[in-house]
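Scroll down for the structure; my scribbles are underneath it.
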Ligand code: 13P
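Residue numbers (the working numbering): 61 to 319.
Here it is in structure tokens:
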């Protein structure tokens, strides 16, 4: 990571885990062990219904709260959906957009993801845009093509002055929840390629300032090596973010790299 130009963002994605009661307990445990240093941004992305509990429990801390999804329309007849303005009004700062589980299980296309990016940015939220290849695509050697298409389509018509608020998470689908990870070099290679795409779209200054995370079986053991890579500026963490101790161990690993 290159802290001179961009911030490190360690974000937990709880997915469909933890009740509101568990959220409050998690917050109490986490606050007790939270490092004082402010080297990295810490985000916890909780299920929609737990957002009020999380916002209240972390109110006096530097931890930002994120949602895991958002609808693209500002309002309207979309039963069961949540708008970006609703999230912003609650005090939510981040939102995950285009997670592979939403792409694969809920039919989200690159075009829908682009609309969600616009909605999030229009409301003043910071989207964490997820991109990543399947195992088949990696084996076919089309990883970069797939990532390029995902990044370019997701960012279509997004002006340069808004890109600073975007975080991009490279999450190889085959590494999510499997315990398998790419080598640190492979992970960095894709993150570097994403930065090159941003440079071609928006110029060198903006490309240097965008935080690019790695996600997929990141844990307290492999985080330090991944976070030490020059183009990996943080992590999007699933399973290992559910426990306050392992989550904070990853935050420490990010700080370690700074020391
Ligand atoms: P795991 O850390 O459980 O592999 O999940 C990664 C992920 O999908 C984060 O968004």
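Every residue gets a Cβ at the ideal spot worked out from N, C-alpha and C, and that includes glycine. Source: prediction; values computed, not measured.
Between residue i and residue j, what straight-line distance do the alpha-carbon atoms span, to the nearest angstrom?
i: residue 202; j: residue 85; result: 43 Å
i: residue 83; j: residue 77; result: 9 Å
i: residue 338; j: residue 75; result: No information on residue 338 is available, as it lies outside the stretch 61 to 319 that the chain covers here.
i: residue 175; j: residue 214; result: 8 Å
i: residue 80; j: residue 116; result: 11 Å
i: residue 129; j: residue 200; result: 30 Å
i: residue 246; j: residue 240; result: 13 Å
i: residue 319; j: residue 171; result: Confidence in residue 319 is poor, its pLDDT being 49 and thus under 50, which makes the residue's placement too unreliable to answer from.
i: residue 132; j: residue 189; result: 14 Å
i: residue 67; j: residue 216; result: 24 Å
i: residue 196; j: residue 206; result: 11 Å
i: residue 211; j: residue 288; result: 23 Å
Using alpha carbons as the reference points, say which of the options lies closest to residue i.
i: residue 89; options: 314, 312, 268, 305; result: 305
i: residue 149; options: 190, 168, 161, 126; result: 126
i: residue 316; options: 137, 92, 286; result: 286
i: residue 314; options: 279, 284, 120; result: 284
i: residue 254; options: 269, 264, 228, 278; result: 228
i: residue 209; options: 258, 242, 267; result: 258
i: residue 267; options: 135, 169, 163, 221; result: 221
i: residue 279; options: 308, 107, 293; result: 308
i: residue 91; options: 301, 252, 256, 120; result: 120
i: residue 134; options: 163, 159, 184; result: 184
i: residue 328; options: 260, 123, 288; result: Lying before the first or after the last residue shown, residue 328 is absent from the chain, which here runs from 61 to 319.
Indicate, with yes or no, if the ligand 13P has a heavy atom lying under 7 Å from the CB of residue i.
i: residue 300; result: yes
i: residue 296; result: yes
i: residue 167; result: no
i: residue 236; result: yes
i: residue 78; result: no
i: residue 159; result: yes
i: residue 184; result: no
i: residue 269; result: no
i: residue 73; result: yes
i: residue 231; result: yes
i: residue 277; result: yes
With a threshold of 7 Å, establish whether the CB of residue i neighbours any heavy atom of the ligand COA.
i: residue 192; result: Of the ligands this structure carries, namely the ligand 13P, none is the ligand COA.
- the region 270-284 contacting the region 230-244, beta-carbon criterion three pairs below 8 Å: yes
- Message: Does the structure place the region 167-183 close enough to the region 133-146 that three or more beta carbon pairs sit under 8 Å?
- Response: yes
- Give a yes or no on contact between the region 93-107 and the region 66-74, applying the rule of three or more CB pairs nearer than 8 Å. yes
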